[in-house]
Ligand SMILES: CC(C)(COP(=O)(O)OP(=O)(O)OC[C@H]1O[C@@H](n2cnc3c(N)ncnc32)[C@H](O)[C@@H]1OP(=O)(O)O)[C@@H](O)C(=O)NCCC(=O)NCCS
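In the numbering used here, the protein residues as written are 5 to 161.
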């Protein structure tokens, strides 16, 4: 069921939405200069639309416009609380739809969904150099001083 606000709408991704989601997903992967295979894209979509999946996705756009953005999130157990936490994994708005509040609405929508699912916190990260996204993030959240470390692991054989 779409949630309409004055200037934007949001809706949970459903199986019929793959054709709207996939070009945005691919543009988002290009933005991050990452080569995501078709197999991974299929798997990601199946997690998004899977019943009882911890992965969710909101789609959104400017009112009276097409779907023009998405936010993917993961609800996971959280060792510092008896309640789960929500990680905002991916956020993207089509270039021609930017600056109209869609990104802000998507974050708000994920926040509402995290509250609905009993999460104790919503959090995310971005590149230090992503000035545009950080302007939005600085307006809706508080930056902390954690730094990310990564150990690449190969897939089990
Ligand atoms: C980051 C992104 C999702 C923002 O989406 P958006 O729909 O344009 O964001 P909004 O219109 O809701 O903007 C909200 C605020 O962000 C800031 N902002 C957004 N675009 C901006 C721009 N091009 N220049 C300066 N500030 C900008 C403004 O402060 C704006 O506040 P305002 O509404 O009070 O003016 C979009 O730019 C995007 O998809 N970028 C590429 C992918 C990306 O960086 N994703 C995030 C990865 S962590």
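Using N, Cα and C, we set each Cβ at its ideal position, and we do this for glycine too.
- request: Compute the Euclidean distance between the alpha carbons of residue 76 and residue 55, then round it to the nearest angstrom.
  value: Taking the chain shown and counting its residues from 1, the one referred to as residue 76 is at position 72. Taking the chain shown and counting its residues from 1, the one referred to as residue 55 is at position 51. Going from the Cα of residue 76 to the Cα of residue 55 covers about 15 Å.
Local conformation of residue 92 per DSSP, three classes: Position 88 of the chain shown holds residue 92. Of the three classes helix, strand and coil, the one that applies to residue 92 here is strand, per DSSP.
- prompt: Mind checking whether residue 63 and residue 24 have CB atoms under 8 Å apart?
  reply: In the chain shown, the residue the question calls residue 63 occupies position 59. In the chain shown, the residue the question calls residue 24 occupies position 20. Yes, the pair counts as a contact, with Cβ atoms nearer than the cut-off.
message: Does the contact criterion of 3 or more C-beta pairs under 8 Å hold for the region 78-93 versus the region 119-128?
response: yes
task: Run the CB neighbour count on residue 38, radius 10 Å, all protein chains shown included, and call it buried at 16 or more, exposed below.
output: For the purposes of this step, residue 38 is taken as residue 34 along the chain shown, with counting starting at 1. Looking at its Cβ environment, which holds fewer than 16 other Cβ atoms inside 10 Å, residue 38 is exposed.
- request: List the residues that DSSP assigns as beta-bridge partners of residue 32.
  value: Position 28 of the chain shown holds residue 32. Looking at the DSSP assignment, residue 32 forms no beta bridge with any residue, so it has no partner.
message: Is residue 67 close to ligand 1? I mean its beta-carbon at under 7 Å from any heavy atom of the ligand.
response: Residue 67 sits at position 63 when you count from the first residue of the chain shown. No - ligand 1 has no heavy atom lying nearer than 7 Å to the Cβ of residue 67.
Closer than 7 Å: residue 168 CB and nearest ligand 1 heavy atom: The structure shown has nothing for residue 168, since the chain only spans 5 to 161.
task: Using three-state DSSP, classify residue 156 as helix, strand or coil.
output: Position 152 of the chain shown, counting from 1, holds the residue named residue 156. Residue 156 falls in the coil class under three-state DSSP.
message: Checking the sheet assignment: what are the DSSP bridge partners for residue 123?
response: In the chain shown, counting from the first residue as 1, residue 123 sits at position 119. Residue 123 is not bridged to any residue.
query: With a CB to CB cut of under 8 Å and the five nearest residues on each side skipped, what residues in its chain are close to residue 19?
result: Translated into the one-based positions of the chain shown, residue 19 becomes position 15. So the qualifying residues of the chain are 53.
- prompt: What do you reckon, are the CB atoms on residue 45 and residue 106 nearer than 8 Å?
  reply: Within the chain shown, numbered from 1, the residue matching residue 45 stands at position 41. Within the chain shown, numbered from 1, the residue matching residue 106 stands at position 102. No, they are not a contact pair.
message: Going by C-alpha to C-alpha distance, which of 74, 153 and 120 sits closest to residue 131?
response: By one-based count along the chain shown, residue 131 stands at place 127. Taking only the C-alpha atoms, the option nearest residue 131 is 153.
task: Could you have a look at residue 55 and say whether DSSP puts it in helix, strand or coil?
output: What you label residue 55 is simply residue 51 of the chain shown in a count that begins at 1. Coil.
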